[in-house]
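See below for the structure under consideration.
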Amino acid sequence: MIVISVSKTYHNAQSRRRKWGKPRCKPFWVAYIVDNNEKFVRKRISALQVPFYKRKICHRRILICRDCENSFVGYVKNDTEEVECPYCG
Ligand SMILES: [Zn+2]
Numbered sequence: 006m007i008v009i010s011v012s013k014t015y016h017n018a019q020s021r022r023r024k025w026g027k028p029r030c031k032p033f034w035v036a037y038i039v040d041n042n043e044k045f046v047r048k049r050i051s052a053l054q055v056p057f058y059k060r061k062i063c064h065r066r067i068l069i070c071r072d073c074e075n076s077f078v079g080y081v082k083n084d085t086e087e088v089e090c091p092y093c094g
């Protein structure tokens, strides 16, 4: 599981008729995740889970292997992190 982003959001679909103070207008947290099947999913999470998901956030990068010079898409936590090349394993 790869976490792309965590953000606070509102029910935008209701924005035109939004009346503040109603429970429906409360903001909530969502995590954008790429699951094990490479599928992009938007998952609603509770405020308590936010630090947990934030720690797992990865950035999508196009990486080039130093050994075989193939480029591939990898997810890194920071720019110094090394990702294993899928071609040379
Ligand atoms: Zn390689």
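In my numbering, the protein residues as written are 6 to 94. The beta-carbon is built from N, C-alpha and C at its ideal position, and this holds for glycine as well.
Between residue i and residue j, what straight-line distance do the alpha-carbon atoms span, to the nearest angstrom?
i	j	result
Arg-49	Thr-14	10 Å
Val-11	Pro-56	9 Å
Val-35	His-64	17 Å
Cys-93	Gly-79	14 Å
Leu-53	Cys-70	38 Å
Arg-66	Arg-47	20 Å
Asn-83	Lys-59	13 Å
Met-6	Glu-86	17 Å
Ile-62	Asn-75	25 Å
Ile-38	Pro-91	21 Å
What are the partner residues of residue i, as DSSP defines its beta bridges?
i	result
Arg-47	Tyr-37
Phe-77	Leu-68
Lys-82	According to DSSP, Lys-82 bridges with nothing at all.
Val-8	Ile-38 and Ile-62
Lys-13	Trp-34
At the 8 Å Cβ level, is residue i part of the contact set with chain D, yes or no?
i	result
Val-78	Among the chains of the structure shown, chain D does not appear; only one protein chain is present.
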